[in-house]
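Residue numbers (the working numbering): 17 to 437.
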Amino acid sequence: CPYLYTWNGERFEFITDFLGGGEIGNWQEAGVYHYPDSDEFVRITSEQLKPKNGKYEIRVTNELEEVLFLDHLKLIAVEHDANAEIYPNEGLGIPTAGKRILYTTQNAHSPISAVDTDGLDVLPKIKNLDREFYDNFKSLNIRGYAAPHNLTLNLDDKKGYNGRTLLLLTGWTDYAFSSDNLAASQSGKSLFLPKLQVKNKKGEWQTVIESIGISIGRPQTLVVDLTGEFLSNSREVRIVTNFKTYWDKIEVSTSEQKDVKTIEMQPVQADLRERGFSEEMKYGEMITTNYDRVLNDKRWKYFSGTFTRLGAVNQLLEAIDDVFVISKTGDELVLSFEALPELPKNKKYTFLLFADGYSKEMDINSGSPDQVFPLPFKRMKKYPYAADEQFPMTEEKRRIYDEYTTRPVRDVLPSIELGVK
């Protein structure tokens, strides 16, 4: 996953990692690789992105042992009432067909109570965005796997309220990689996405949403629309899973959806350069980074293959067209956007970075874990794709790739012949 930093008026602030849904080659179970969800809207508040010399400055970095394939990036400014908040409908494992893309909220508040599997009060853990996480579940000896556990929330004292109800869950997930899933499968373990339950008229817990998804950023907010999902007057909900998701802040909103104005911006500058790695900082189990301190400690191995040459890459990011900026570990993408005029005090912006792309990790049990190629593409059935599929190369795409993809990294690793099929 690439890392996102924005200029907040004083420094470049770490916002989150993103495009976790675009992971390709990730082994999930025998014969099954993760099917990528390659696009994402990343939320950036108006406090996190301030103009610098008339520009919004954004940095996207590759700081993991991965190759990145970035297809399209643009910035969207959402203009809305100053007392409202905007959230995109994002998260891994949520159905998005026919769903709203953006949610507006006002006067969101904490639940009345929050109780974990052991009956402990964890409300103080989830009241504030303070990196003090709800983490009272049993971790197994496989990364990303926990014992089944639940979190019970009493959302409101308005018994029987049947209007619009949104649950806002902000946190992060320590999720499994290919070798972890292989180890789990060999020991008879499997993951199930968080399901949401409510009480029916008999007072029994009943599942009404099979998957609310998992946060794949550090952090990311999930929006769960509970409108029409309650089966009784109770406004208690229970989240059940065995994923290692650490919730930082949970709120509920019963406000109406508001109209907003959106402004799309293409980068006026998009330059690829080599940078290194940001200093890591740890909050509990969650790792963030300090952009101001750059390390060049050669911590990762490189994929063998040819990457995008350094310099201007605007042309490669203009459209979703399978023409990628191919980035190696240690690279940075410098993005600048024209700043917008200031708004009156009763209005503000929330920004969304829209990204489309893929990433591939160097895990011996992933698909093609040592080579840049084969390239992913939008209509592939799976990755690695079978012999009956091929990258949709055209003369124009070949011309562009020949012009830009000229930075070779060779013979870093011997070819990996092993792996799970």
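Just so it is clear, CB atoms sit at the ideal spot from N, CA and C, and this is done for glycine as well.
query	result
According to DSSP, simplified to helix, strand and coil, what is Y191?	coil
Using the three-state DSSP reduction, which class does R415 fall into: helix, strand or coil?	helix
If you drop the 5 nearest sequence neighbours on each side, which residues of the same chain put their C-beta closer than 7 Å to that of E29?	Y21, T22, Q64
Comparing C-alpha positions only, which one of K363, G373, C17, L86 sits nearest to K274?	K363
I'd like to confirm the pairing. Which residues does DSSP put opposite W221 in its beta bridges?	K215
DSSP has T133 in a bridge; who is on the other side?	Partner(s): none; T133 has no beta bridge.
Compute the beta-carbon to beta-carbon distance between I142 and T189, rounded to the nearest angstrom, for a pair I have assumed lies under 8 Å.	About 15 Å; that fails the 8 Å criterion.
By a C-beta neighbour count over all protein chains shown, 10 Å radius and 16 as the cutoff for buried, is E106 buried or exposed?	buried
Quick one: Cα of L434 to Cα of P235, how far?	Note that L434 scores 48 on pLDDT, short of 50, meaning its location in the model is unreliable; the coordinates nonetheless yield the value given after this. Those two C-alpha atoms are separated by around 35 Å.
M281 and R147 - do their beta-carbons sit closer together than 8 Å?	no
Does the pairing of the region 398 to 405 with the region 41 to 51 give three or more beta-carbon distances under 8 Å?	yes
Find the nearest neighbour of R289 within the set S343, L89, Y49, judged by alpha-carbon distance.	S343
Leaving out five residues before and five after T421 in sequence, what residues of the same chain have Cβ atoms less than 8 Å from its Cβ?	T322, F323, T324, R325, I342
Who does M302 pair with in a DSSP beta bridge?	Y299
Taking Y166 as part of the beta strand (DSSP E), name the residues at either end of that continuous run.	Looking at the sequence provided, one finds Asn at residue 166 rather than Tyr. Run containing N166: 161 to 170, per the beta strand (DSSP E) assignment.
What is the rounded straight-line gap between the Cα of L209 and the Cα of K115?	19 Å
How long is the line joining the alpha carbons of N438 and Q331, rounded to whole angstroms?	Residue coverage of the chain in this structure runs from 17 to 437, which leaves residue 438 outside it and unanswerable.
What does the alpha-carbon distance come out to for the pair K437 and G160?	Because K437 carries a pLDDT of 48, less than 50, the predicted location of this residue cannot be relied on, and no value is offered for it.
Between T278 and the rest of its own chain, which residues show a CB-CB distance below 6 Å, the 5 nearest in sequence each way excluded?	I92, V94
Going straight from the alpha carbon of K298 to that of P360, what length do you get?	38 Å
Leaving aside the five residues before and after I225 along the sequence, list all residues of the same chain whose C-beta is less than 6 Å from its C-beta, in chain order.	L212
In chain order, what residues of the same chain have a beta carbon less than 8 Å from the beta carbon of L136, not counting five sequence neighbours either side?	N152
Considering just the uninterrupted stretch of the beta strand (DSSP E) at F85, what are its terminal residues?	82 to 97
At the level of alpha carbons, what is the spacing between T257 and L333?	37 Å
How close, in whole Å, do the beta carbons of D386 and M378 come, if the pair is a contact with beta carbons under 8 Å?	7 Å
Using beta-carbon positions only, say whether L351 and A286 come within less than 8 Å of one another.	yes
Tell me which same chain residues have a C-beta within less than 6 Å of the C-beta of L169, skipping the five on either side of it?	P127, A130, V253
Pick from G187, S250, K260: whose alpha carbon is nearest that of G219?	S250
DSSP state of N258, grouped into three classes?	strand
So, are the CB atoms of Y119 and L182 less than 8 Å apart?	yes
Determine which residues share a DSSP beta bridge with H125 and list them.	V268
Please work out which residues of its chain come closer than 6 Å, Cβ to Cβ, to G25, disregarding the five sequence neighbours upstream and downstream, and give them in chain order.	K66
In this structure, does DSSP put K71 in helix, strand or coil?	strand
Helix, strand or coil for D196? Go by DSSP, reduced to three states.	helix
I'd like to know whether the C-beta atoms of R426 and S271 end up nearer to each other than 8 Å.	no
Can you tell me which of R395, F407, L247, T366 puts its alpha carbon nearest to the alpha carbon of I102?	T366
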